[in-house]
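Numbering (full-length UniProt numbering), first residue to last: 1 to 97.
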C-alpha cells in the first residue's frame with residue numbers, strides 16, 4: 001500500500017511540474033495516473049482540475065475541483081477555485097447564448 005501511495009505522489013509531483021511548465025496535456029496524464037493509484041487524493045483531483053481548465057474543459061475541471069472539495073471540504077483553496085470557475089462558466093454560457 002505504501003508503494004502505491006509513493007508512486008501516486010511521484011505522478012502528482014510530475015503533473016504539478018508540468019502545470020508549472022504550461023503543459024496541461026502532460027499534466028492531465030500524470031494526475032490521472034496518480035488518481036488510478038490513489039483515487040482519494042484531493043490534491044491529484046485539484047491538479048487534474050487545473051490541467052483540464054488549461055485545456056479549456058470547464059465541465060471536466062469543475063468535476064475535478066468538486067471531487068477535491070468533497071474529499072477535503074476544509075481546504076479553503078478548493079472553495080476559491082470553485083467560485084472563480086463558477087463565474088467563468090456563467091460568463092462563457094452568456095457569450096454562447
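Note that beta-carbon positions come from the ideal geometry of N, C-alpha and C, so glycine has one too.
Nearest to residue 12 by C-alpha distance, out of 63, 32, 85, is 32. Around the beta-carbon of residue 8, 16 or more other beta-carbon atoms lie within 10 Å, marking it buried.
Pairwise C-beta distances place the segment 63-75 in contact with the segment 39-47, as three or more of them are shorter than 8 Å. By a beta-carbon distance limit of 8 Å, residue 27 does not contact residue 37. Their separation comes to about 16 Å.
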